[in-house]
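Visitor: Chains as they are written, first to last, in full-length UniProt numbering: chain A, 1 to 235; chain B, 1 to 235.
Using N, Cα and C, we set each Cβ at its ideal position, and we do this for glycine too.
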DNA sequence: CCAAAAGTGTTGTGGCTACACCCATGA
DNA sequence: TCATGGGTGTAGCCACAACACTTTTGG
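(1) Which residues bound the beta strand (DSSP E) around residue 10 of chain A?
(2) Please report how far the alpha carbon of residue 176 of chain A lies from the alpha carbon of residue 25 of chain A, in whole angstroms.
(3) Verify whether the separation of the beta carbon atoms of residue 126 of chain A and residue 43 of chain A is less than 7 Å.
(4) Can you tell me the Cα-Cα spacing of residue 69 of chain B and residue 61 of chain B, whole angstroms?
(5) Can you give me the C-alpha to C-alpha distance between residue 116 of chain B and residue 189 of chain A, rounded to a whole angstrom?
(6) Thinking residue 96 of chain B and residue 75 of chain B are a contact (beta carbons under 8 Å), I'd like their distance in whole angstroms, please.
(7) Are there 16 or more other CB atoms within 10 angstroms of the CB of residue 149 of chain B, so buried, or fewer, so exposed?
(8) Could you give the DSSP three-state label for residue 4 of chain A: helix, strand or coil?
(9) Residue range of the beta strand (DSSP E) that residue 171 of chain B falls in?
(10) At a Cβ cut of 7 Å, what residues of the segment 67 to 88 of chain A count as close to chain B, listed as they run along the chain?
(11) Under 9 Å between beta-carbons, which chain B residues line up against residue 209 of chain A? List them in chain order, please.
(12) Just how far apart, CA to CA, sit residue 78 of chain B and residue 92 of chain B?
(13) Tell me which residues of the segment 201 to 233 of chain A have at least one Cβ-Cβ distance to chain B shorter than 7 Å, keeping chain order.
(14) What are the boundary residues of the beta strand (DSSP E) that residue 206 of chain A is part of?
(15) Check whether the Cβ atoms of residue 50 of chain B and residue 48 of chain A lie closer than 7 Å to each other.
(16) Within 7 Å (strictly less), CB to CB, does residue 8 of chain B reach chain A?
(17) Determine the closest residue to residue 194 of chain A out of A:212, A:202 and A:35, with distance taken between C-alpha atoms.
(18) Between residue 9 of chain B and residue 41 of chain A, is the Cβ-Cβ spacing less than 7 Å?
(19) May I ask you to list, following chain order, the residues of the segment 31 to 44 of chain B that have a beta carbon less than 7 Å from some beta carbon of chain A?
(20) Since residue 94 of chain A contacts residue 14 of chain A with CB under 8 Å, what's their CB separation in whole angstroms?
(21) Where residue 152 of chain A and residue 230 of chain A are concerned, what is the direct C-alpha to C-alpha distance, given to the nearest angstrom?
(22) Is the beta carbon of residue 134 of chain B closer than 7 Å to that of residue 31 of chain B?
(23) In this structure, how does DSSP classify residue 91 of chain A when only helix, strand and coil are distinguished?
(24) Is there a Cβ of chain A sitting closer than 7 Å to that of residue 4 of chain B, yes or no?
(25) Could you check the C-alpha separation between residue 20 of chain B and residue 155 of chain B for me, to the nearest Å?
(26) Please identify the residue among A:52, A:228, A:182 and A:141 whose C-alpha is closest to the C-alpha of residue 174 of chain A.
(27) How is residue 36 of chain A classed by DSSP in three states: helix, strand or coil?
(28) Please tell me whether residue 94 of chain A has its Cβ less than 7 Å away from any Cβ of chain B.
(29) Determine the burial state of residue 39 of chain B: buried for a count of at least 16 other Cβ atoms within 10 Å of its Cβ, exposed for fewer.
(30) Among A:191, A:162 and A:171, whose alpha-carbon lies nearest the alpha-carbon of residue 179 of chain A?
(31) Return the CA-CA distance between residue 169 of chain B and residue 199 of chain A, expressed in angstroms with no decimal places.
(32) Quick one, which of B:160, B:165, B:184 and B:142 has its alpha-carbon nearest residue 196 of chain B's?
(33) Just the Cα atoms here: how many angstroms apart are residue 99 of chain A and residue 203 of chain B?
(34) Measure the C-alpha to C-alpha separation of residue 187 of chain B and residue 218 of chain B and round it to an integer number of angstroms.
(35) Check the Cβ-Cβ distances between residue 54 of chain B and every residue of chain A, and say whether any is below 7 Å.
(36) For the alpha helix (DSSP H) that residue 56 of chain A lies in, which residues bound it at each end?
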C-alpha cells in the first residue's frame, strides 16, 4: 500500500461517558483502571480503535464490553488532543457519551473492570483529562435535553411523570413546577398513559407512562422547549 | 518512553470547512488538490497533525496557511473515521468549520493552493468524505445560528441590516419578514448604529451598524431565538 | 417622476409562567 | 385520621408572527 511519508502516526482511543439515572439521581459509570499508569484510580471506560473499526464501532464495542448492552444512545462529544494528555504515549481520545437505562445494566453487570456508579454531583477525581470530558458531556447533555426529548433514553420502558421530572431536575440541578412540567411533557404527545400505577414511591401511586416510539423517533429532531428560561441553565 | 504495545497507530488529519459571505451569497473556500490521489479534484483544506500540536492548533495552522488569517472563529465539528475514507492509508480526520470575513481573505489571498470560493448551493463534487463534512457543517451552523449570534463572524466590521438579513436568508435558504427581522436583531442590543450609510446597494442607502463586541462576547452563549419556527429549518 | 430598496407600527393569538387546592392511599 | 406525594386549572402577560405603507434618492 502506498503511504503518506514523513507523517507521524498516533494512537487513537475512544472514551465513554456513561450516564444513568436511578429514579432519583444522575449517575456516572466509572471503572477502576487495572493497569499502570494511574492503576487503581478512577477513569472512564475506553479503548483503542482497531484497524477495521470506525470510532463509532469502537465506542459501541467498548460500551458493550463494560455493560453488555447494545443499541444504546451514543453520541460523539469531541476529540481531545493535548499532546501530553496520556503520559505514556501520545494518544488522541474521541469522547462519546452514552445514555443507558441503569436497570438494564444492573442485570448484565461485569465485575471485570471494577466498575461502579457514582453520583454525578459527587465524583472522584479522574485520570488524565477525563474530568474535563465529563464536564463537557454534562454541558452538552443539558443543552441537548433542553431542546430534544433525549432523556427518555435513561428511563426504563415504564416510568412515571414524577420520575421524569426528577430526571430533569437532576440534570439541571434545580426544581420545576410540577403542573407546568407535566403539561409541557404531555403536550408533546410522546407519552402513552398505562393503566397501572407505580405504588413503590408513594401511597397514592403514580400512573406509569410509556414512550410512543414512533412519535419519539419522528419528533426527535423537533425543536421543543423543555426547560423554562434556558439561559439560566445553559451557561 | 514506555509505550502501549500491540496497538495500531494511525494518521490524524484536520480538515477545514471555511464559510464566507460576500454580501449576498454563502460561500465555501475550496482548494484544488495538488497531489495524488485525486489530484486536481476539489477538496477541503487540510493537513496532518504534528507531534506537538493539539488538533485545534493544527486547524488554526492549516487555516492560516491558506488564508493568512489568525484569530478566526473555528469550531470542532466531528471526527470522521471510516477505515477506507482515504484510499492511500487509514486516516482519521477531525473536521473543523471556520467563519471568516471574506474581505479579509481577499486581501491576503494565496494562489499556492489554487483556492476558490464556491457558492454553497453550487459546489463541485469533493474528494473522499468531504461532501459529508460540508453537509454536516451546514447543519451544525444552521442549528447554532438559530440560537446564538455566531453569524456576525462572517461580516466585516461595518454592515447593514439588509446585509445581515441576506446572510440569514442564505443560510436557511428562505426569506424572512424584514420588519420582524430587524426588530428581533435590534432587540438583542448587540448592534450599534453608525452615522454613515451604505450607498452601494440602494439609492436610499442603508445605515451601517457595528457589533458591540463586549455585549457580543457576554451574550454569545445566551439562548436567543433568531429564526421563526426553527422546526422548519432544522431538519 | 419613477423605480428600487430602506425603514417603520399595530394587532391578534398562542404559549408561557406563576400560583393553590383536592385526591388517594397506607400506616 | 393523618401524612405523603399525585394530580389538576386558570389568569395575566409577553413574545411572536402576520401584515402595508411611506421615505429617500439616483437616474
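Guide: So, from the data block:
(1) 9 to 21
(2) Rounded to whole angstroms, residue 176 of chain A and residue 25 of chain A show a C-alpha spacing of 15 Å.
(3) yes
(4) 9 Å
(5) 48 Å
(6) 7 Å
(7) buried
(8) It is coil, neither helix nor strand.
(9) Where residue 171 of chain B is concerned, there is no enclosing beta strand (DSSP E), although the alpha helix (DSSP H) it sits in stretches over 161 to 172.
(10) 76, 78, 79, 81, 82, 83 and 88
(11) By Cβ distance, chain B contributes nothing, its closest Cβ being about 24 Å from residue 209 of chain A, past 9 Å.
(12) 11 Å
(13) 221, 222, 223, 230 and 231
(14) 206 to 211
(15) Against a cut-off of 7 Å, the Cβ pair of residue 48 of chain A and residue 50 of chain B comes out as no contact.
(16) At a cut-off of 7 Å between C-beta atoms, residue 8 of chain B counts as an interface residue with respect to chain A.
(17) A:212
(18) no
(19) none
(20) 5 Å
(21) 19 Å
(22) no
(23) Reduced to three states, the DSSP call for residue 91 of chain A is strand.
(24) yes
(25) Rounded to whole angstroms, residue 20 of chain B to residue 155 of chain B spans 9 Å at the Cα level.
(26) A:228
(27) coil
(28) Contacts with chain B at 7 Å (Cβ-Cβ) include residue 94 of chain A.
(29) exposed
(30) A:162
(31) 53 Å
(32) B:160
(33) Answer to the nearest angstrom: the Cα atoms are 57 Å apart.
(34) 15 Å
(35) yes
(36) 55 to 67
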